[in-house]
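Novice:
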Amino acid sequence: MLRISHDRTTGHVRLEGQLVGPWVEELHRVCDGHAVVLDVRDVTFADEAGVALLRALQARQVKLTGCSPFLAEQLKE
Numbered sequence: 117m118l119r120i121s122h123d124r125t126t127g128h129v130r131l132e133g134q135l136v137g138p139w140v141e142e143l144h145r146v147c148d149g150h151a152v153v154l155d156v157r158d159v160t161f162a163d164e165a166g167v168a169l170l171r172a173l174q175a176r177q178v179k180l181t182g183c184s185p186f187l188a189e190q191l192k193e
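Residues in the sequence shown are numbered consecutively from 117, following our numbering.
1. Which partner residues of VAL129 appear in the DSSP bridge assignment?
2. Just how far apart, CA to CA, sit CYS183 and GLY149?
3. Could you check where the alpha helix (DSSP H) with GLN190 kicks off and where it finishes?
4. Going by the CB atoms, is the gap between LEU131 and VAL156 shorter than 7 angstroms?
5. Check whether the Cβ atoms of VAL136 and VAL152 sit closer than 7 angstroms, and answer yes or no.
6. Give the C-beta separation of GLU193 and ARG171 to the nearest angstrom, bearing in mind that I take them to be a contact with Cβ-Cβ under 8 angstroms.
7. Helix, strand or coil: how does DSSP classify VAL159 here?
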């Protein structure tokens with residue numbers, strides 16, 4: 117399960133939990149076409165699709181904050 121908290125006034129999106137399965141598409145929907153800053157400090161796991169989405173968002177200049185060393189390593193290409 118993943119909790120997605122989106123503050124539309126600041127563009128900050130906070131993720132808590134596991135970025136897997138249907139939550140990947142939900143995060144894509146939340147971020148699509150918006151300038152956001154993703155706080156991923158409380159992401160405990162990301163599956164292959166979740167990592168791919170985070171990479172794609174980074175390529176789109178979405179800023180990730182609070183990235184754990186483990187998640188940062190997964191995001192390296």
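For glycine and all other residues, C-beta sits at the position ideal for the given N, C-alpha and C.
Specialist: Considering the structure as presented:
1. The residue labelled residue 129 in the question sits at position 13 within the sequence shown. HIS122, LEU154.
2. Indexing the sequence shown from 1 puts residue 183 at position 67. Indexing the sequence shown from 1 puts residue 149 at position 33. When rounded, the distance between both Cα atoms is 22 angstroms.
3. Sequence index remark: in the sequence shown, residue 190 carries index 74 (1-based). From DSSP, the alpha helix (DSSP H) with GLN190 extends over 185-191.
4. Here the question's residue 156 lines up with position 40 in the sequence shown. Here the question's residue 131 lines up with position 15 in the sequence shown. Closer than 7 angstroms, so yes.
5. Looking up residue 136 in the sequence shown gives position 20. Looking up residue 152 in the sequence shown gives position 36. Contact: no.
6. Your numbering for residue 193 matches position 77 in the sequence shown. Your numbering for residue 171 matches position 55 in the sequence shown. Sure, about 7 angstroms apart at Cβ, within 8 angstroms.
7. The residue labelled residue 159 in the question sits at position 43 within the sequence shown. VAL159: strand per DSSP, three-state reduction.
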